[in-house]
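Visitor:
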Amino acid sequence: MKSILDNRPGLAQEVNRVAEVAGYLWQKGWAERNGGNITVNVTGFVDDAIRRMPPISEARAIGATLPHLKGCYFYCKGTNKRMRDLARRPMENGSVIRILDDCAGYVIIADNPVAPTSELPSHLGVHNYLIGSGSPFKAAVHTHPIELIAMTHSPKFLEKDVATRVLWSMIPETKAFCPRGLGIIPYELPGSVQLGNATIRELEEYDVVMWEKHGVFAVDCDAMQAFDQIDVLNKSALIYIAAKSMGFEPDGMSDEQMQEMTAAFNLPK
Ligand code: 2HA
Ligand code: ZN
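What follows is the structure in structure tokens.
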């Protein structure tokens, strides 16, 4: 079967990277059933032939008008599709969409009429924000990392920067690779525009955003780097939990050790 990825190595590499990440999410136990979603702004790989491709779906509303998305194309995981299936067959479990000129709707153009993720309002709202703020970030990953989500069932970790400080203090690399930390968004209905707007607000301040009792949302240059951010934070959550299961509260790195590391790596305070 013909694919939009044929003879387009740049686009194929981007989509294959999403597939690789999808496999990791499944292996980690973060992607039960259809859990999680990934979108990538692939506009940079679009040529005239793609621009001329006829839609293979009717026009659908995004639910918001997003002016910076004019002329943009996205690879999106399909709604109700499984990460473990996407890992092997990305163009059967996801699709490429074209944003319409009104910036309020989209059509699917390839390879199959797979409807995009239920979290499309959050994802596209975030991409609109990223383009508008001149960010190089092109990928958004939402997933359900077990230990990080477990932390949000305790009110103390929902207070501003409490979880971030605990996670940073478990191992020096966490702050080095996630220097702006984890933002917390109080529970909102999955897929809602409110959740999308809150996600944008928190991403102004944080690298990764936590949706209380639901999952995380990360953005970066590509899907692998977004995954790495989440993986680093969840590693710290695992160390915290391992210490608790051994029957003690972990000390964490001291304030002096954190300050020394922050200075040595030139990180924001
Ligand atoms: O796509 O994870 O938040 C399934 C979800 C919705
Ligand atoms: Zn989810």
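Just so we're aligned, residue 23 is where the sequence shown starts under this note's numbering, counting upward by one. Ideal placement from N, C-alpha and C gives every residue a C-beta, glycine not left out.
Sort out for me which residues DSSP pairs N38 with in a bridge.
Guide: DSSP output for N38 lists no bridge partner at all.
Visitor: Assuming A161 and C98 are in contact, meaning their beta carbons sit under 8 angstroms apart, how far apart are those beta carbons, in whole angstroms?
Guide: About 11 angstroms separates the two Cβ atoms, so there is no contact after all.
Visitor: Taking the C-alpha atoms as reference points, what is the distance between M75 and K182?
Guide: One C-alpha to the other measures close to 47 angstroms.
Visitor: Using the C-alpha atoms, what's the distance from G237 back to L204?
Guide: Each residue's Cα considered, the two are about 12 angstroms apart.
Visitor: Run through DSSP, which three-state label would G100 get?
Guide: Correct three-state label for G100: strand.
Visitor: What does a CB cutoff of less than 7 angstroms around L169 pick up in its chain, not counting 5 residues either side in sequence?
Guide: It should be pointed out that residue 169 corresponds to Glu in this sequence rather than to Leu. The residues are N256, A259, L260, I263.
Visitor: I need the straight-line Cα distance from N115 to P138, nearest angstrom please.
Guide: About 9 angstroms.
Visitor: Roughly how many angstroms lie between the CA atoms of L225 and H145, to the nearest whole one?
Guide: Their backbone Cα atoms lie some 12 angstroms apart in a straight line.
Visitor: Does DSSP classify M246 as helix, strand or coil?
Guide: In this structure, M246 counts as helix in the three-state DSSP scheme.
Visitor: Of all residues in the structure, which have a C-beta closer than 7 angstroms to any heavy atom of the ligand 2HA, taken in chain order?
Guide: Any residue whose Cβ sits closer than 7 angstroms to a heavy atom of the ligand 2HA makes the list: N56, G57, G58, N59, T101, T139, S140, E141, H164, H166, P212, G213, H236, G237.
Visitor: Nearest CA to the CA of D250: which residue from A265, T284, P167, I207?
Guide: The option with the nearest alpha carbon to D250 is P167.
Visitor: Buried or exposed for M192, going by 16 or more other Cβ atoms inside 10 Å?
Guide: Looking at its Cβ environment, which holds 16 or more other Cβ atoms inside 10 Å, M192 is buried.
Visitor: Assuming contact is defined by CB atoms lying nearer than 9 angstroms, are H164 and W233 in contact in what I supplied?
Guide: Closer than 9 angstroms, so yes.
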